[in-house]
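Asks:
Numbering (this note's numbering), first residue to last: 1 to 278.
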């Protein structure tokens, strides 16, 4: 079965779950079909899925992943090689990479989640939480829901939960909740953002098969943390952790999506913010 018939059958199954008029609702264009699939993924509650539905989904997402292309974290140049001209101020394990974190083959990626930790339910929202859950498939929301049901309360800011990566190229996802900025950034906000990074790193080294981690830009989107300050906190915090931790990770990747974010992080490294901590 080629990918389009698999997609059609997957859409029919998901629409039938919702009690939809299946044949009348299937779009004709491949792009519109994928748009509908993402909508159904985004809005689907964390309810169990039939094994055959999961089989269809996994087969489709696997083919989509290969078609999109996967970036191997092992192939990314170190910051020393790429942008740092300070004579080795940055640890050799650090990378700065601009791209789609859902295409990165790495042991763990970090998801900037909200306190419910169930992913974004807004169809096609441009947050990273939405993107990660859309590529991972419905199992990720189910696993997050199980963790939250066991916990019994919303995820605190600055903490992190570990799940499988499901259909992502990454083996695991670390979900962390960053601070929300309503007015000015307080010292408590800075400390909570730093905690997101240290907690993710600590959880990563607790899991013995994690040797590489990719951080997104935490709290700088919908949560409105100023980008330059957030980048400074991210780099400084990770460098401090790297210096003090008894177990090192082989690769720590700072992932950015926009040109603006890349330039901000590159400037932080060029200014040698990390030089006193590495």
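Idealized CB from N, CA, C, for every residue including glycine.
If I measure Cβ to Cβ from residue 97 and keep anything under 6 Å in the same chain, skipping five residues before and after, which residues do I get?
Replies: Taking the chain shown and counting its residues from 1, one reaches residue 97 at position 97. 76, 253, 255.
Asks: Pull up the CB-CB distance for residue 134 and residue 42, whole angstroms please, since I reckon it's below 8 Å.
Replies: By one-based count along the chain shown, residue 134 stands at place 134. By one-based count along the chain shown, residue 42 stands at place 42. That pair is a contact at about 7 Å.
Asks: Let me confirm a value: residue 175 is counted as buried when at least 16 other C-beta atoms fall within 10 Å, else exposed. Which label applies?
Replies: The residue labelled residue 175 in the question sits at position 175 within the chain shown. It counts as buried.
Asks: Going by Cα to Cα distance, which pick from 32, 157, 130, 165 is closest to residue 143?
Replies: For the purposes of this step, residue 143 is taken as the residue at position 143 of the chain shown. That would be 165, whose Cα lies nearest to the Cα of residue 143.
Asks: Cα separation between residue 13 and residue 132?
Replies: Here residue 13 is taken as the residue at index 13 of the chain shown, counted from 1. Here residue 132 is taken as the residue at index 132 of the chain shown, counted from 1. Cα-Cα distance, rounded: 22 Å.
Asks: Under 7 Å Cβ to Cβ from residue 36, same chain only, skipping five residues before and after it: list those, please.
Replies: For the purposes of this step, residue 36 is taken as the residue at position 36 of the chain shown. Taken in chain order, the residues that qualify are 11, 27.
Asks: Assign residue 133 to one of three DSSP states: helix, strand, or coil.
Replies: Residue 133 sits at position 133 when you count from the first residue of the chain shown. Helix.
Asks: Would the segment 120 to 132 count as touching the segment 228 to 240 if we require 3 or more Cβ pairs under 8 Å?
Replies: No contact exists between the segment 120 to 132 and the segment 228 to 240.
Asks: Among all the DSSP beta bridges, which residues are the ones paired with residue 212?
Replies: The residue you call residue 212 lines up with position 212 of the chain shown. DSSP output for residue 212 lists 251 as bridge partner(s).
Asks: Starting from residue 161, follow its DSSP beta bridges and name the residues at the other end.
Replies: Taking the chain shown and counting its residues from 1, the one referred to as residue 161 is at position 161. Residue 161 pairs with 175.
Asks: Just the Cα atoms here: how many angstroms apart are residue 244 and residue 25?
Replies: Position 244 of the chain shown holds residue 244. Position 25 of the chain shown holds residue 25. Their Cα atoms are separated by approximately 56 Å.
Asks: Relative to the alpha-carbon of residue 263, which residue among 192, 32, 82, 57 has its alpha-carbon at the smallest distance?
Replies: As a working note, residue 263 is residue 263 in the chain shown. Measuring from the Cα of residue 263, the nearest candidate turns out to be 82.
Asks: So what does residue 141 bridge to, in DSSP terms?
Replies: In the chain shown, the residue the question calls residue 141 occupies position 141. Paired residue(s): none; residue 141 is not in a bridge.
Asks: Taking its Cβ as the centre, do 16 or more other Cβ atoms sit within 10 Å of residue 70, making it buried, or is it exposed?
Replies: Looking up residue 70 in the chain shown gives position 70. Residue 70 should be labelled exposed.
Asks: I need the straight-line Cα distance from residue 312 to residue 198, nearest angstrom please.
Replies: In the structure displayed, the chain extends from 1 to 278; residue 312 sits before or after that span and is not available.
Asks: Quick check: what's the CA-CA separation for residue 239 versus residue 180?
Replies: As a first step, residue 239 must be located in the chain shown, where it is residue number 239. As a first step, residue 180 must be located in the chain shown, where it is residue number 180. Distance between the alpha carbons of residue 239 and residue 180 is about 24 Å.
Asks: Inspect the beta-carbon positions of residue 127 and residue 160 and report whether they are closer than 8 Å.
Replies: Working through the chain shown from its first residue, we reach residue 127 at position 127. Working through the chain shown from its first residue, we reach residue 160 at position 160. No.
Asks: Residue 207 by DSSP, collapsed to three states: which one?
Replies: Position 207 of the chain shown, counted from the first residue, corresponds to residue 207. Coil.
Asks: Over the uninterrupted beta strand (DSSP E) stretch that includes residue 259, give me the two end residues.
Replies: Along the chain shown, one-based indexing puts residue 259 at 259. No beta strand (DSSP E) holds residue 259; the alpha helix (DSSP H) holding it covers 259 to 270.
Asks: Any idea what DSSP makes of residue 218, helix, strand or coil?
Replies: Counting from one through the chain shown, the residue named residue 218 turns up at place 218. Residue 218: coil per DSSP, three-state reduction.
Asks: Does DSSP put residue 15 in a helix, in a strand, or in coil?
Replies: As a first step, residue 15 is located in the chain shown; it is residue number 15 there, counting from the start. Note: residue 15 maps to helix in three-state DSSP.
Asks: Which partner residues of residue 98 appear in the DSSP bridge assignment?
Replies: The sequence position of residue 98 within the chain shown is 98, counting from 1. In the DSSP output, where bridge partners are listed per residue, residue 98 has 256.
Asks: Determine, using beta carbons only, whether residue 218 and residue 106 come nearer to each other than 8 Å.
Replies: Taking the chain shown and counting its residues from 1, one reaches residue 218 at position 218. Taking the chain shown and counting its residues from 1, one reaches residue 106 at position 106. Cβ atoms of residue 218 and residue 106: not closer than 8 Å.
Asks: Return the residue from the list 224, 196, 222, 202 that minimises the CA-CA distance to residue 234.
Replies: By 1-based counting over the chain shown, the position of residue 234 is 234. Of the listed residues, the one whose Cα sits closest to residue 234 is 196.
Asks: Does the Cβ of residue 152 have 16 or more other Cβ atoms within 10 Å, making it buried, or fewer, making it exposed?
Replies: If you number the chain shown from 1, residue 152 lands on position 152. Per the 10 Å Cβ criterion, exposed.
Asks: Of all the CB atoms in chain D, is at least one closer than 8 Å to the CB of residue 135?
Replies: Here there is only one protein chain, and chain D is not present.
Asks: Where does residue 228 sit, in a helix, a strand or coil, going by DSSP?
Replies: Along the chain shown, one-based indexing puts residue 228 at 228. Looking at residue 228 - three-state DSSP - the assignment turns out to be helix.
Asks: Determine the direct distance from the alpha carbon of residue 191 to that of residue 55, and round the result to whole angstroms.
Replies: Mapped onto the chain shown, residue 55 falls at position 55. Mapped onto the chain shown, residue 191 falls at position 191. Between residue 55 and residue 191, the C-alpha separation is close to 43 Å.
Asks: Checking 8 Å against the spacing of the C-beta atoms, do residue 129 and residue 111 come in under that value?
Replies: Locating residue 129 in the chain shown gives position 129, counting from the first residue. Locating residue 111 in the chain shown gives position 111, counting from the first residue. Closer than 8 Å, so yes.
Asks: Give the straight-line distance between the Cα atoms of residue 257 and residue 6, rounded to the nearest whole angstrom.
Replies: To locate residue 257, count along the chain shown from 1; it is residue 257. To locate residue 6, count along the chain shown from 1; it is residue 6. Roughly 30 Å separates the two Cα atoms.
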